[in-house]
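**Q** Take a look at this one; I'll ask things after.
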Amino acid sequence: MFFLCRLASQGYNSRVKAFQLIAHGTPGKFELRDLPEPQAGPDEVVVQVQSCGLNHLDLWLEEAGLPMSVALPRTPGCEIAGQICEIGSGVNDWRRSDPVAVQSNIFCGECEYCLRGEESFCLRAEMLGVTRDGGFAEKVLVPTRALVRLPAGVDFDTSAALTLAGSTAMHMLTNRAQVREGDWVLVIGGASGVGSAAIQIAKQLGARVMSTGSTESKRNLARQLGAEFVVDPTQLDWPAEIRKITNKRGVDLVVEHVGGEVILKCFECLARGGTIVTCGATAGRDVTLNLWPIFVKQQRLIGSYGRNRVDLQATLEWAAAGKLKPAIDSIFPLDQTPAAFGKLRSRSVLGKVLIEPFEPVSESD
């Protein structure tokens, strides 16, 4: 899995290719550009990108759907795996060619939350590919605090497919909520990046897992990943099917990342004392809740955002141990990034879509 930093080793260190968004839209306007080589400052490294996952966050950036303004041009890409090819001053723990994953929520390391290891709450966090240039490029500049070493046996594509989505699911299931042996866990959208990881994590934690999938291919993938039952959310009465499967009891935990009307349906699936943990709102951010059944049944709605460093480390360790495997739909070269965006936008993806800047070069080449 170790590759040479090809561009640097061959002396091409003045310009790098990056795929940049230059105008918002659906689709947005992109350009493949030659940009100045990034230079590492104090406590920074330059990572040569070997693989970068495409996330719904990239679609929100494309369509100006984020609750913030983003200065353009911007290089998207927040799920980066690669190897270090330049080291700045003051960096002692890393070496060139070290294989790394990059934590997408770049935390400050200094606020009260970071100091107690809760980087997902960071008061001054940056997001790769949104507030700073990301990984749809040959190289990316990142602070060393955002690096996590890839364990032996975890390749770059596996890391890119799990670095954000997998660690988000890990944070949801082991930090924001807890799974007990024998719990019923419902994972919404089991063919998504978060969903495909959540099914496996919940299963490993001893849960009985069920999921949803809007097509037969999506439902089949959820079953292959470990879901015992998979229902079709396009059917209006799908929560009734969940309750029937659980003998009218409902589920103990729902892993939800869609929002909108879906989260209201999730409450219909929830047992007394049950919990919904949610990390997204792709189907809508505004909902109207009926509070009466929530407090009468003593249910919980918990928000989950990003991940802590320990979540990303655990995700990669689980991958190295064979407990967590990425579901990879397809891999696109950098110059076909618009096609990758189009595929994700079509909602036909099974697992993760990855972007690879170029073919890796092995040390023997």
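As numbered in the working numbering, residues 8 to 372 make up the sequence shown, in order. Note that beta-carbon positions come from the ideal geometry of N, C-alpha and C, so glycine has one too.
(1) Over what stretch of residues does the alpha helix (DSSP H) that includes residue 144 continue unbroken?
(2) For residue 370, which of helix, strand or coil comes out of DSSP?
(3) Alpha carbon to alpha carbon, what distance is there between residue 96 and residue 198?
(4) Can you tell me the Cα-Cα spacing of residue 136 and residue 256, whole angstroms?
(5) Is DSSP giving residue 18 helix, strand or coil here?
(6) Do you know offhand how far residue 265's Cα is from residue 196's?
(7) What is the DSSP secondary structure of residue 232, reduced to helix, strand or coil?
(8) In terms of residue numbering, what span does the beta strand (DSSP E) encompassing residue 243 cover?
(9) Among the candidates 119, 77 and 88, whose CA atom is the shortest distance from the CA of residue 107?
(10) Going straight from the alpha carbon of residue 235 to that of residue 271, what length do you get?
(11) What is the DSSP secondary structure of residue 179, reduced to helix, strand or coil?
(12) DSSP has residue 64 in a bridge; who is on the other side?
(13) According to DSSP, is residue 9 part of a helix, a strand, or is it coil?
(14) Give the straight-line distance between the Cα atoms of residue 314 and residue 126, rounded to the nearest whole angstrom.
(15) Taking only three categories from DSSP, how would you classify residue 55?
(16) What does DSSP give as the partner residues of residue 340 in its beta bridges?
**A** If we stick to the structure as given:
(1) Bounds of any alpha helix (DSSP H) do not take in residue 144, whose DSSP letter is neither H nor E.
(2) Because the pLDDT at residue 370 is just 40, under 50, the model does not fix this residue reliably, and the point stays unresolved.
(3) Take the alpha-carbon of residue 198 and the one of residue 96: they are about 43 Å apart.
(4) Approximately 42 Å between the Cα atoms of the pair.
(5) Any reading at residue 18 must be qualified, since the residue scores a pLDDT of 44, below 50, and its modelled position is unreliable; the value itself is stated next. Coil, per DSSP.
(6) Cα to Cα, residue 265 sits roughly 8 Å from residue 196.
(7) In the structure shown, residue 232 sits in a helix (DSSP, three-state: H, G or I).
(8) Segment: none, residue 243 is in no beta strand (DSSP E) and carries neither H nor E.
(9) Among 119, 77 and 88, the Cα nearest to that of residue 107 is on 88.
(10) Computed Cα separation, rounded: 23 Å.
(11) In this structure, residue 179 counts as helix in the three-state DSSP scheme.
(12) Partner residues in a beta bridge of residue 64, as assigned by DSSP, do not exist.
(13) Because the pLDDT at residue 9 is just 37, under 50, the model does not fix this residue reliably, and the value given afterwards should be weighed accordingly. Three-state DSSP puts residue 9 in coil, outside helix and strand.
(14) In a straight line, the C-alpha of residue 314 is about 7 Å away from that of residue 126.
(15) In the three-state DSSP reduction, residue 55 falls in the strand class (E or B).
(16) Its beta-bridge partners are 363.
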